[in-house]
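Residue numbers (the numbering used here): 170 to 449.
All residues carry an ideal CB built from backbone N, CA and C; glycine is no exception.
Because the structure is a prediction, the values reported are computed rather than measured.
Dropping the structure here:
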């Protein structure tokens, strides 16, 4: 489980952000679709564990399996590109523009939503035997989650909106920490351990993750949740996306870049010096 120092993995973060910006539309959509689908399956898995065991901690401990799998397969979540893509722009990588960053974010959002929605439909079919019976216990729980985290926030007005936004910030602080933690090791086991801890924390604490919600809320609507599509977007998805952007970029991407990128640049310069001397 070889450890990669911050000065080195910050460079990896910038390189990753750059590569995502220049990725083709086809590859970006496929990778985002699969990421949304796998994370949605992990969310369904965790809710099932919570319902069947009555122990939310058990679901939180096992939920990160989905995140680890999608990351190891090179798929992309919106929460991750929120943190990585802007660093390539800030670092002034050639050809990287604000439009390129926004293009990447938009394509990943679309792909994540499509993947999560696909699994939402599939799981709604499973929970209702093809919509021929009432939802089972897990399906009912998902419907209640959708109610509590839309109209439940709306009942508190501005305070509810602020709480929703802050939960989004805290969520991607942890999720993006998981993305970066995977770069701290060169082994699969090291990457998994690094990712597991912050993802488990965010899920158990009930923070708001925009892609997980792309599964929970559409499936909740299909399973009889008493809230509307407008409730979902206004009182969850949109504020959560904004909170995720702020949390990942401010507390992970920019903080690491600000304190470690100079060290990385200095080390790179020192590494080139002998070659320059020899050339002279």
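Report the rounded CA-to-CA distance for residue i versus residue j, giving the unit in angstroms.
{"i": "residue 187", "j": "residue 313", "result": "40 Å"}
{"i": "residue 311", "j": "residue 183", "result": "37 Å"}
{"i": "residue 206", "j": "residue 378", "result": "14 Å"}
{"i": "residue 231", "j": "residue 366", "result": "11 Å"}
{"i": "residue 364", "j": "residue 350", "result": "6 Å"}
{"i": "residue 274", "j": "residue 192", "result": "12 Å"}
{"i": "residue 372", "j": "residue 229", "result": "6 Å"}
{"i": "residue 203", "j": "residue 396", "result": "27 Å"}
{"i": "residue 360", "j": "residue 243", "result": "13 Å"}
{"i": "residue 194", "j": "residue 390", "result": "30 Å"}
{"i": "residue 299", "j": "residue 306", "result": "15 Å"}
{"i": "residue 362", "j": "residue 416", "result": "22 Å"}
{"i": "residue 392", "j": "residue 401", "result": "14 Å"}
{"i": "residue 444", "j": "residue 246", "result": "Confidence in residue 444 is poor, its pLDDT being 46 and thus under 50, which makes the residue's placement unreliable; the coordinate value appears in the next sentence. Answer to the nearest angstrom: the Cα atoms are 40 Å apart."}
{"i": "residue 223", "j": "residue 278", "result": "33 Å"}
{"i": "residue 221", "j": "residue 339", "result": "28 Å"}
{"i": "residue 225", "j": "residue 219", "result": "5 Å"}
{"i": "residue 249", "j": "residue 304", "result": "33 Å"}
{"i": "residue 173", "j": "residue 357", "result": "13 Å"}
{"i": "residue 175", "j": "residue 326", "result": "41 Å"}
{"i": "residue 261", "j": "residue 290", "result": "42 Å"}
Of all the options the options, which has the alpha carbon lying nearest to the alpha carbon of residue i?
{"i": "residue 394", "options": "222, 315, 409 and 381", "result": "315"}
{"i": "residue 237", "options": "269, 171, 368 and 398", "result": "368"}
{"i": "residue 309", "options": "261, 417 and 216", "result": "216"}
{"i": "residue 409", "options": "223, 392, 332 and 399", "result": "332"}
{"i": "residue 190", "options": "234, 251 and 223", "result": "251"}
{"i": "residue 399", "options": "357, 335 and 318", "result": "318"}
{"i": "residue 386", "options": "355, 320 and 248", "result": "320"}
{"i": "residue 403", "options": "358, 338 and 322", "result": "322"}
{"i": "residue 197", "options": "345, 330, 272 and 289", "result": "272"}
{"i": "residue 418", "options": "341, 276, 288 and 384", "result": "341"}
{"i": "residue 384", "options": "287, 328, 345 and 354", "result": "287"}
Can you list, in chain order, the residues of its chain whose CB lies under 7 Å from that of residue i, leaving out five sequence neighbours each side?
{"i": "residue 295", "result": "none"}
{"i": "residue 179", "result": "425, 426, 429, 430 and 433"}
{"i": "residue 292", "result": "213 and 388"}
{"i": "residue 334", "result": "408, 411 and 412"}
{"i": "residue 181", "result": "352"}
{"i": "residue 257", "result": "183, 186, 187, 190 and 265"}
Give me, in chain order, the residues of the same chain whose beta-carbon lies closer than 6 Å to that of residue i; leave out the 5 immediate sequence neighbours on both sides.
{"i": "residue 446", "result": "Bear in mind that a pLDDT of 37 at residue 446, under 50, signals an unreliable position, so the number given afterwards is only what the model happens to contain. Closer than 6 Å at Cβ, skipping near neighbours: no residue."}
{"i": "residue 343", "result": "367, 370 and 371"}
{"i": "residue 448", "result": "The predicted model places residue 448 with a pLDDT of 43, which falls under 50 and marks its position as unreliable, so this point remains unresolved."}
{"i": "residue 283", "result": "202"}
{"i": "residue 185", "result": "253"}
Can you say whether residue i is buried or exposed, counting buried as having 16 or more other CB atoms within 10 angstroms of its CB?
{"i": "residue 412", "result": "buried"}
{"i": "residue 200", "result": "buried"}
{"i": "residue 268", "result": "exposed"}
{"i": "residue 146", "result": "Coverage of the chain is limited to positions 170 through 449, which leaves residue 146 absent and any answer about it impossible."}
{"i": "residue 280", "result": "buried"}
{"i": "residue 324", "result": "exposed"}
{"i": "residue 266", "result": "exposed"}
{"i": "residue 240", "result": "buried"}
{"i": "residue 263", "result": "exposed"}
{"i": "residue 235", "result": "buried"}
{"i": "residue 336", "result": "buried"}
Using a Cβ-Cβ cutoff of less than 8 Å, which residues in the same chain neighbour residue i once the five nearest sequence positions on both sides are dropped?
{"i": "residue 405", "result": "318, 319, 322, 333, 377, 382 and 386"}
Taking 8 Å as the CB-CB limit, is residue i close to chain B?
{"i": "residue 302", "result": "Of the protein chains in the structure, only one exists, and it is not chain B."}
Next item on the list: Specify whether the segment 374 to 392 and the segment 194 to 208 touch according to this definition: at least 3 beta carbon pairs, one from each stretch, less than 8 Å apart.
Entry: yes
Item checked: Cβ pair count under 8 Å reaching 3, the segment 345 to 360 against the segment 413 to 424 -> yes
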